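A.B. asks: At position 148 of the sequence shown (counting the first as 1) the number is 154 in our numbering, and the numbers step up by one without a gap.
Please read through the structure below; I'll follow up with questions.
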Amino acid sequence: MNRPATKRRTTNRDVRDQLCNAAQRLREKVNSLNFDEPITHVYNPLDYAWDLHRLYIEQVSAKAEVLMLGMNPGPWGMAQTGVPFGEVAAVRDWMGIQGVVGSVESEHPKRPIEGLECQRSEVSGRRLWGLMQERFQKPSAFFKKHFVLNYCPLVFMEASGRNRTPDKLPAEERNSLQQCCDEHLREVIDLLPWKHLIGVGAFAEGCLKRVVDDEQSSATIARILHPSPASPAANRDWAGTASSQLQTLGVW
């Protein structure tokens with residue numbers, strides 16, 4: 007008598023391997039893009055900080071149900087560590103991620119890549135990961151149900167060293183980048199039965215709404231306040247505001 011086929015359980019290894027493969031495909035696609043002035047320097051931490059990014063992916067669990075999405079790396083965060091919102095102390099001391107970060111081919115003198123030796127602190131990352139550390143204590147407790155991803159892996163800089171976000175790119179460049187990043191985001195969303203898709207800021211929420219098929223996904227799409235110090239609201243107890251938002255959404 008033939009037994010009915012049983013569906014193979016998705017393991018942590020399955021999820022981690024697929025996330026790594028998806029990130030590598032994204033890396034190659036965005037590396038093929040060209041950006042003109044006023045952009046003079048483009049960093050891709052999925053290249054020079056790949057070893058640390060891979061170790062970050064090793065934290066994720068097949069039981070994760072909350073995906074939190076940021077925009078793109080900050081110069082003192084993921085640009086240094088390869089980790090979304092990757093404030094150095096959080097990555098090195100809390101997550102326990104160690105490794106050597108390589109160099110970029112054309113480095114901006116005001117934005118050196120120093121890896122885990124960087125003395126600058128990414129405020130957004132310090133706020134976000136500081137909240138997670140305070141609430142969950144151990145990274146394993148956080149990653150059991152949560153994962154943080156950046157929509158775009160690239161850092162864009164002007165000649166002055168000023169950061170330029172993806173939404174400020176010319177339309178043609180923005181559209182080409184969006185095609186690559188949307189495809190990657192769909193892959194990640196399709197990987198697990200997420201219950202909550204949370205944009206960290208309005209831009210990320212918009213990306214989630216654009217790529218998610220409402221008819222095929224039962225996940226709740228929402229946003230929390232971005233922890234950027236450029237936001238007056240974020241400077242007035244961001245952790246308290248974000249916690250309250252996540253509680254209202256039923257995430258916490």
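Think of the CB as a built atom: it goes at the ideal place given N, C-alpha and C, for glycine as much as any other residue.
This structure is a prediction, so every number in the text was calculated from the model and none was measured.
Just how far apart, CA to CA, sit V257 and E113?
C.D. replies: If you number the sequence shown from 1, residue 257 lands on position 251. If you number the sequence shown from 1, residue 113 lands on position 107. Distance between the alpha carbons of V257 and E113: 40 Å.
A.B. asks: What do you get for Q185, buried or exposed, if any count of 16 or more other CB atoms within 10 angstroms of its CB means buried?
C.D. replies: Locating residue 185 in the sequence shown gives position 179, counting from the first residue. Looking at its Cβ environment, which holds fewer than 16 other Cβ atoms inside 10 Å, Q185 is exposed.
A.B. asks: So what does I195 bridge to, in DSSP terms?
C.D. replies: In the sequence shown, the residue the question calls residue 195 occupies position 189. None; I195 has no bridge partner.
A.B. asks: N169 by DSSP, collapsed to three states: which one?
C.D. replies: Within the sequence shown, numbered from 1, the residue matching residue 169 stands at position 163. Here N169 sits in strand by DSSP.
A.B. asks: Taking C-beta to C-beta, are V2 and G88 nearer than 8 Å?
C.D. replies: Residue 2 lies beyond the range of the chain shown here (7 to 258); nothing can be said about it.
A.B. asks: For a test of the three-state rule: what should DSSP assign to I63, helix, strand or coil?
C.D. replies: Here the question's residue 63 lines up with position 57 in the sequence shown. Looking at I63 - three-state DSSP - the assignment turns out to be helix.
A.B. asks: Going by DSSP, what residues sit across from F162 in a beta bridge?
C.D. replies: Position 156 of the sequence shown, counted from the start, is the residue given in the question as residue 162. Bridge partners of F162: V48 and R170.
A.B. asks: With hydrogens ignored, establish whether the beta-carbon of L52 is closer than 7 Å to any heavy atom of the ligand PLP.
C.D. replies: For the structure depicted, the ligand PLP is absent and the ligand set is empty, with no information on it obtainable.
A.B. asks: Looking at C-beta atoms only, is the number of pairs between the region 66–74 and the region 198–206 that lie closer than 8 Å three or more?
C.D. replies: Cβ pair count under 8 Å is three or more, so yes.
A.B. asks: Pull up the DSSP beta-bridge partners for L203, would you.
C.D. replies: Translated into the one-based positions of the sequence shown, residue 203 becomes position 197. Per DSSP, L73 and I227.
A.B. asks: Is it the case that the region 140–153 contacts the region 30–37, given that we only count it when at least three CB pairs across the two stretches are under 8 Å?
C.D. replies: No contact exists between the region 30–37 and the region 140–153.
A.B. asks: May I ask you to list the residues that DSSP assigns as paired with F153?
C.D. replies: Looking up residue 153 in the sequence shown gives position 147. According to DSSP, which records beta bridges pairwise, F153 is partnered with L73.
A.B. asks: In terms of alpha-carbon separation, which member of R242, S223 and Q253 lies closest to R229?
C.D. replies: Translated into the one-based positions of the sequence shown, residue 229 becomes position 223. Answer by Cα proximity: Q253.
A.B. asks: Which two residues bound the contiguous alpha helix (DSSP H) that contains F209?
C.D. replies: Numbered from 1 along the sequence shown, position 203 holds the residue referred to as residue 209. A208 to V217 is the span of the alpha helix (DSSP H), which, as asked, contains F209.
A.B. asks: Under 8 Å, with one C-beta from each stretch per pair, do the region 47–57 and the region 174–191 reach the 3-pair mark?
C.D. replies: Cβ pair count under 8 Å is below three, so no.
A.B. asks: Can you say whether A55 is buried or exposed, counting buried as having 16 or more other CB atoms within 10 angstroms of its CB?
C.D. replies: Against the sequence shown, residue 55 aligns to sequence position 49. A55 should be labelled buried.
A.B. asks: Please report the residue range of the alpha helix (DSSP H) in which V21 lies.
C.D. replies: If you number the sequence shown from 1, residue 21 lands on position 15. That run of the alpha helix (DSSP H) goes N18 to N37.
A.B. asks: State yes or no: is the C-beta of S130 within less than 8 Å of the C-beta of F91?
C.D. replies: Within the sequence shown, the letter at position 124 stands for residue 130. Within the sequence shown, the letter at position 85 stands for residue 91. For S130 and F91, yes; Cβs fall inside 8 Å.
A.B. asks: According to the neighbour-count rule (16 or more other Cβ atoms, all chains shown, within 10 Å of its Cβ), is G80 buried or exposed?
C.D. replies: For the purposes of this step, residue 80 is identified with residue 74 of the sequence shown, where counting begins at 1. Under this definition G80 is a buried residue.
A.B. asks: Whose CA, out of M84, E128, N169 and S146, lies closest to the CA of K116?
C.D. replies: Translated into the one-based positions of the sequence shown, residue 116 becomes position 110. Checking every option, the nearest Cα to that of K116 belongs to N169.
A.B. asks: Cα separation between C6 and R98?
C.D. replies: Any answer about residue 6 is impossible in this case: the structure gives the chain only from 7 up to 258.
A.B. asks: Once you ignore the five residues that flank H152 on each side, which residues in its own chain have a CB closer than 7 Å to its CB?
C.D. replies: Residue 152 sits at position 146 when you count from the first residue of the sequence shown. Cβ within range, chain order: A70, V72 and M74.
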